[in-house]
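Residue numbers (our numbering), protein chains in the order written: chain A, 19 to 307; chain B, 9 to 325; chain C, -17 to 553; chain D, 711 to 1261. Notes follow once the structure below has been shown.
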Amino acid sequence: MSDLEIQAGLGRSPRANRQHRPPRRFGVAEALAGLFTIFLVTAALFPALVAPGDPLGIDPLSAFQSPSPAHWFGTDESGRDIYTRVSHGTGSSLLIGTVATLIGLGLGLVLGTLAGMLGPIVDFTVNRFLEVLFAFPGLLLALLFILIFGPGVATATVAVGLATAPGYARIIRGQLLSVRSSAFVEAATVLGRSPGQILVRHILPNTLAPLFVLGTLGIGQAIVWASALSYLGLGAAPPAAEWGAMLSAGRTYIGSAWWMSFFPGLFIVLTAVSATALGRGIERRLRHA
Amino acid sequence: MAEVGRGTRVFRGALARLGGALFVLWMVATLTFFAIRLIPGDPAEAILGGPGSQTSPEALAAVRAEYGLDQPVLVQYLAQLARLATGDLGRSYSLNQDVAPLLIGQLGGTLLLAVLALGVAWLLALGLATWSTRGGRVAWSVGSGLEIVAAALPHFWLATALIVLFSVWLGWLPPISTPGVAGLVLPVLTLAVPLAGFLGQIMRESLLTALESPFVLSARARGESERGVRWVHSIRHAALPAISLSGWAFGSLISGAVVVETIFARPGLGRTLLNAVTVRDVPVVVGAVLIVAVGYILMTLLTDLAQRIADPRLRTR
Amino acid sequence: MSDETGTGAPAVRVRNLVVGFGPGGDADPVLNGISFEVAPGECLAIVGESGSGKSVTARSLLGLAGENARVSADELSLAGSDVRGLTEQHWRRRRGRDVGLVLQDALVSLDPLRPVGREIADSLRLHTDLGAAARHARVLELLDRVGLPDAATEVRKRAGELSGGQRQRALIAAAIALDPPLLIADEPTTALDVTVQAQILELLASLKRAGTGILLISHDLAVVGRIADRIAVLHEGRIVEQGPAHEMLTRPDHPVTRQMLAAIPVDKPRGLRLSVRAAAPVSPSRSSPALTSPGLASPGPAGRDAPRHTVLEAVGLVKRFTRPGGAEQLAVDGVSFRLARGTTLGIVGESGSGKTTTARLALALTRPDAGEVRLLGQAFSAASAKQRRLLRPGLGAVYQDALSSFDPRLSVEQVLRDAVGGGAGRTGRGGASVSTADRRRVLQLLDAVGLSQGLLGRRPRSLSGGQRQRVSIARALASEPQILICDEPVSSLDVTVQAQVLDLLDELQRDRGLSLLFISHDLGVIQHVSDQVAVMRGGRIVEAGDAARVFAAPEHPYTQDLLGAVPRIGF
Amino acid sequence: MHLSGYPHRASRTLTGLVGLVATGILLTGCTTAESPEATEPITGGTLTYASGDAEPTCLDPHVGGNYPQALVGSQYLESLVSRDADGAIIPWLADSWTESADGLAWDFTLAADVNFTDGTPLDAAAVQANIAHLQDPETGSSTGYLALAKVTGTEAVSANVVRLRLSEPDSALLESLSQPWLAIESPTALARSQDENCASPVGTGPFQVEKWVQQDSITLVRNENYNSPPEDAAHTGPAYLDSIVWRFIPDSASRYAALQSGDADVIDNAQPDTIVQAEASDTIVHLDAPRPGASNRIELNSGRAPFDDPLVREAFIRSANVDDAVTSLFQGTAERSYSALSSAEPLAVSAPDLFGYDPEAASDLLDSAGWTERDSGGYRVKDGERLTVEFPVSTNQSIPAEQSLFEQIQATAKETGFEVVLSPMDLSSWYTALGESNYDAVSAPYTKVGPDVLRILFHSDGITPAPSGYFANHAQVDDPAIDALLTQAGRVTDADTRAALYTDAQNTVLEGFYILPLFDQQNHYLLGSDVVGARALPTVSTPTFYDAWLK
């Protein structure tokens, strides 16, 4: 199991029941998540739009200022505006999250497809391999990877990707197997379709459709992980405006300047939450539409 | 199916599982061994204090001989396996002591932390799940909202927040691990809350499925009270999937321990591991990874067992 | 059955019961003013099709209609006392004591994690102050009463470890633990095989004789005919007709009742229409058109009496499965049959008899461990994959669960296009290779199965069961096959819808000279559709032959049991 | 190798000659300043010390020899001599000493009836064993080893008089011997395996090692038979405290929180912001004990472009706005330094005018140095080469505030056109970077008492790595004139001559713009107000709790 499998699994919850669950309409949560995501994407693509300032521009004499109209999120030890930094950090954080997720998905897709398509022997082997990978809890796999290739944003990103791959692989495999054994694939066989046609027409589309959702859920987790690595001083390095790095820098001053670590952390959490909310929303729409 | 047949099958199943576990262990060892080969630089030099310290050729040669680094890789690999089999995890570069006893010493604290956190997470999750399904859209939304947020909380941020709140502002709890129980509260909470987020989501889903299922209807039709329906019938169904997650939970707890032990200055596997990584202390890292892997495997075996106990259906199949 | 009503207050009396859900509930209630009563020792059957409001009725009598349900009635009394506006606590005291409930599928109606003994003891625990020992004794007594042999061991088993019949008995035992004056049985036998069904009905009848009032809820007139004293036909939230069972079954007034009766295939000669002749209604139509008097349909095409040559032949099929545990199981054990052109071969058997495996073998979806399937005189199961693919167009298939046999991503049109356009699948989403020819074929197919073009854009998920089955038939016909293999094509449908589908198949067979391999657990259906019959049990064909002969004079005892168990109208 | 944990620095420290250590125990912001000594000391209690330094891998400071070892070692080990607050050498384990006329032999008379905590008596043989242990390559001593570089042999003149023979006069000898890294340990204990001795070294100190739980804490208990306090101690006889629990809490925030919550009584490596808070609070006492030796400075690698050009070095120094940074980051807890030496050094030459922030001057200098164009990034360019400054930062050795300081220098220097590439790295990578001379600027704090530190830092010998692989002359100053001055100063015994020589040397270095001085090496302790009588040893400013007691 992996947090992804859980997240993904939850999307597939049984049909709603009046008594206990609210109708699966487009909820307020999803709306908010959507808005925040729009903000994030804007900040990532055009940071200047949401925060005109220079994320690295120092102003020693106005250091450690608490949140104020002038500095919404306050300033850090070098007088840099936290809001500006957080906004400009969005880009790198999202990038890290996305790339890591893509790596994870990519590997997962390869492994999953091998296991799902190439018959029992390959399946068995891949499964064992996955079991082995699962024996390294995510962060450990990442740490091991960093031990080998040294710290840094790039390695951290790949590390997170690697750490999440097994989860994806297992989901994809499961999806593949269930689709392959599904009645409509059989029906297609009965219609005299060749395995190739069935693969293209039915199996792949039905397997890959959920990946988008998975990705959305994954990005949130990936960002949390990557920032954890940065926090441990193994990822992005200051003064880079990366959330995790900012947070760890801010922690030194937690007693005197809580805002330095609060806001970057807040953004990490909100991002992850939005990703989850959106992912679930999309999932439901895919299922009950 | 004949009772005899079942008995033998169960036995065979146990054997198979054990074999699988051993295989995984072996693979883990192998994987790490060859992964370590990828580390740039001369291991012998690393052993002699890492890069930067310019070591005499003689010393290097000596170390190579001692660690068999002059042997062909395959020989080294087998030697490594042999050492591992005898529980010898090598010697730490940075701490100048044998890895096995060092890590074993650290293991206790981490396990205590993990077990407590798991327990607390369970309670939190169960409580939230049952409360949020008590009825009403508000409870539902609040419950699921809390869980999603909890699941998204990074340990390092949560820990900081808790310290600021309970230690700095309220001054109720020590910000670092102290021998007493008080010192455990914050670390355990930090680990438990995000986990509870995940477990809670699972539990509520399965709790709802149970509550909506016919057997609950027939229970109600027998005059079962709401409490009865929950605690006699639904709760076990809610627990099942969460039990099956324990293996994963253990993993995530270990990951969390790395951060938590560092922040709360708790001695433990995670902190040792992190230090080892930052100073590139290969034997310690490998040792820690192996130990965790063993733990994970044991955990999954236990999980299997627990599931069988909790869900009779698995026994008959 | 006699009509004599027990003394004392009726077990339940309902007058003008109205139940609505949600905001618009009052505007369009699910139950719209129904009234009935059940006396002790009497059995009232409420019969209706899915969506008619049967289950809501049952739940309303238990105060379990649901949180957001609005229940109102001029009278609603259990065992003589008014239960309107009872608080939850008061309801709890009555449930299980004044009224017991038996649900359809005991596998899910009993807690799979608890021993049935505990489930049964629940009501005792809740309503009496019996000690554990006393409860245990009572449980054994109950199990004995519902006819569960060696109860002592059964109590410790869980639902999953019991057979369907045992489960249902246990469930009934739980419901009657406190001898409630009223027992509500909601489709108690639907999921069961005929023989078991008969036994359960017999059990209910015995309870009735013992003085329990029974409210039997079912979609199947034939079933209720066995024990009901009175029958109420429920249609769209209203009781359209109510009266003594005997009259209702012999001299129905209301069209809906007639339609239902007509739809029962049992003892209806081959080719006799079961459904109303109309531009095949898309679902049990709200305004049911006038029923045309059932008459013999025109005898099929000359093909029927012409010398039959075999189109599909199975020779000594054997299929083994290995269970997870490693134990081997013979699913199909030396099955042979021939399907002659233009005829229908019905394969009947109870669950686990190997019917479905046989179907899959016939479709060459699984390889037989021994024996072979020959299609149109050519090796089929033995042929190479490529060869088989060339042969497949000669073979169409209709499945029990139509929905799952459609790619969830595709619309009706895409599904049919795929089927029509041969390799059309190659070009991504169906729309890509729009050939007007394909389009025309799709429309023809729709027309053939009596579906309107309006459905083309819909997803199968949004169709009714009948419509789905029609679509899957249309798909099966796309390749102009000579053979249709139907695996339980109607068993998940309402009787009237079933009737329509059966008629449709019959028409198609006549118009196109199709040969049908028709597999079902329902003897009635098989009897109605088959020229030849094969009765399967434990993977073997125990009896086969001309349908008329087998049904008239069954030779094998098992066949006799089956036939005996078939619920029939008429006394 | 000597690892030092975040946020500590100065893991290699040689201590040498001369100089007063201002161990001003500034009890700032402390309302308990109503002279604690007024109340009678209370015996008993356990003091919890939370260190931000990395946990030593060996508790015997002979092995390796870094500051973390010195910190804890000062509690249970003692040296032959010590220093008082005025910087004068005072007797400790040695009552007295004499230097031969040629300065090639020193005789130390040892204090009478002092025993190690294992019962072994302190005698000449014991000292000989220690010197031998320090000089034995197997021991792997770095600091002690180099401090004894000039010691060629020892002999026991009598049971309690030991003689050290030197290859050449060494006026730094006494200071060297005063350091914790050259503390005297029980020869019996030293005879054990190194692992054993690392786990529980045996000395003569007021406390002794009871148990060491790796990765957690070291427990020290009172030495009941203690009888060898240094002259400047406040009392005699055993210490007041029953025991000391020595914990390692790398996270500065946790550390300070622990002090606030009373889970720790003393913490080191206090961060500026916490110091400010402490001074505001009335429950926490601030003890500022800056380290002797070099100031905390950035060294510019004159060994390679672009800093091989003095103009560029000056330009860089002028372009860095250090003053504002120090103000904002250290919030008044640190004084800006304009000298190569710690302000603790009387001979320190301070040249404020050389290190002022002056962007205009900086860009003029660059122009004249030929770095005229600017590229799209606004950085200076010369023959297609960008004006880049590689600046490896050891996360172990530079506290966060310092790292922030570098970031600010990076920012201000950018305006002038320097691209400063800060690369935080772990210690071993950092050493590698230095070893490969793959840097243009670096901050490597260096603790060594007395101006002799200049020889280590700026003598061209310091460019070629020592056997251990470490080299100290990061500025890669290769100037015969400076070499001559420093070598001579290392030998002469006449104070004035030495002063003159060192002054010349410093001026040459400063005017060569080899270094950018920042501030004294910070060394701040915070004490709970219930802790009375704790002080820092005037040697290398490590704390001692011999006189300390808990209210």
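Note that beta-carbon positions come from the ideal geometry of N, C-alpha and C, so glycine has one too.
- The shortest C-alpha to C-alpha distance from A187 (chain C) to any of C:L231, C:D175 and C:V128 is the one to C:V128.
- Counting of Cβ neighbours within 10 angstroms places P539 (chain C) among the exposed residues, the total staying below 16.
- By a beta-carbon distance limit of 8 Å, A835 (chain D) does not contact A798 (chain D). Their separation comes to about 29 Å.
- Under DSSP, L294 (chain C) takes part in a beta bridge, and its partners are C:L321 and C:L357.
- When 9 Å is used as the limit between beta carbons, P375 (chain C) is near these residues of chain A: L209 and G210, in chain order.
- Of C:S37, C:V330 and C:A419, the smallest CA-CA separation from D175 (chain C) is found for C:V330.
- For R269 (chain A), at least one C-beta of chain D is nearer than 9 Å to its own C-beta.
- The Cβ-Cβ distance between A247 (chain B) and V201 (chain B) does not fall below 9 Å.
- Annotation: A88 (chain C) to S233 (chain B) spans about 21 Å, alpha carbon to alpha carbon.
- Secondary structure remark: continuous beta strand (DSSP E) runs of at least 3 residues inside the stretch 449 to 513 of chain C, in chain order: 465 to 469 and 497 to 502.
- Annotation: the continuous alpha helix (DSSP H) that includes H163 (chain B) extends over H163 to L170.
- The Cβ atoms of Q779 (chain D) and E848 (chain D) lie no closer than 9 Å to each other.
- The count of Cβ pairs closer than 8 Å, one atom from the stretch 463 to 470 of chain C and one from the stretch 374 to 381 of chain C, reaches three, so the stretches are in contact.
- The continuous stretches of alpha helix (DSSP H) do not include P1227 (chain D), which lies in the beta strand (DSSP E) extending over residues I1225 to F1229.
- Shown in chain order are the members of the stretch 152 to 164 of chain A whose Cβ falls below 9 Å from a Cβ of chain B: F152, A153, F154, P155, G156, L157, L158, L159, A160, L161, L162, F163 and I164.
- Cβ neighbours of Q315 (chain B) within its own chain (closer than 8 Å, five residues either side excluded): L248, I251, S252 and L322.
- In this structure, the alpha-carbon of L203 (chain B) lies about 39 Å from that of Q86 (chain C).
- By alpha-carbon distance to P939 (chain D), the top candidate from D:K1261, D:N1148 and D:T1254 is D:T1254.
- For Q1107 (chain D), the three-state secondary structure derived from DSSP is coil.
- Judged by their CB atoms, L294 (chain C) and L499 (chain C) are nearer to each other than the 9 Å cut-off.
- DSSP places G273 (chain A) outside both helix and strand once states are collapsed to three, so it counts as coil.
- V242 (chain A) belongs to the set of residues whose beta carbon lies under 9 Å from a beta carbon in chain B.
- Straight-line measurement puts the Cα of F388 (chain C) at about 14 Å from the Cα of R211 (chain A).
- At a cut-off of 9 Å, the C-beta of L44 (chain C) has a neighbouring C-beta in chain B.
- Taking C-beta separations shorter than 6 Å and ignoring five residues to either side along the sequence, the partners of S32 (chain C) in its chain run D476, following chain order.
- Of the candidates B:V292, B:L298, B:A273 and B:P320, B:L298 places its Cα closest to the Cα of L30 (chain B).
- When Cβ-Cβ separations below 9 Å define contact, V12 (chain C) makes no contact with chain B.
- In chain order, S789, V791, S792, R793 and T1249 place their CB closer than 6 Å to the CB of S888 (chain D), counting only its own chain and leaving out the 5 sequence neighbours on each side.
- CA-CA distance, P22 (chain C) to H236 (chain C), rounds to 28 Å.
- By the criterion of a C-beta distance shorter than 7 Å, D828 (chain D) is surrounded in its chain by S896, T898, A899 and V912, once the five residues flanking it on both sides are discounted.
- Nearest Cα to I241 (chain A) within the set A:L113, A:W277, A:Q193 and A:A205: A:L113.
- Of all residues in the stretch 386 to 401 of chain C, those with a C-beta nearer than 8 Å to a C-beta of chain A are S386, S387, F388, D389, P390, R391, D400 and A401, reading in chain order.
- Taking 8 Å as the upper bound for CB-CB distance, F1065 (chain D) and L1226 (chain D) are in contact here, some 7 Å apart.
- Per the DSSP secondary-structure output, T304 (chain C) pairs in a beta bridge with C:E310.
- Nearest to G527 (chain C) by alpha-carbon distance, out of C:I508, C:G520 and C:Q482, is C:I508.
- Judged by DSSP secondary structure, V146 (chain B) falls within the alpha helix (DSSP H) whose first and last residues are R145 to A160.
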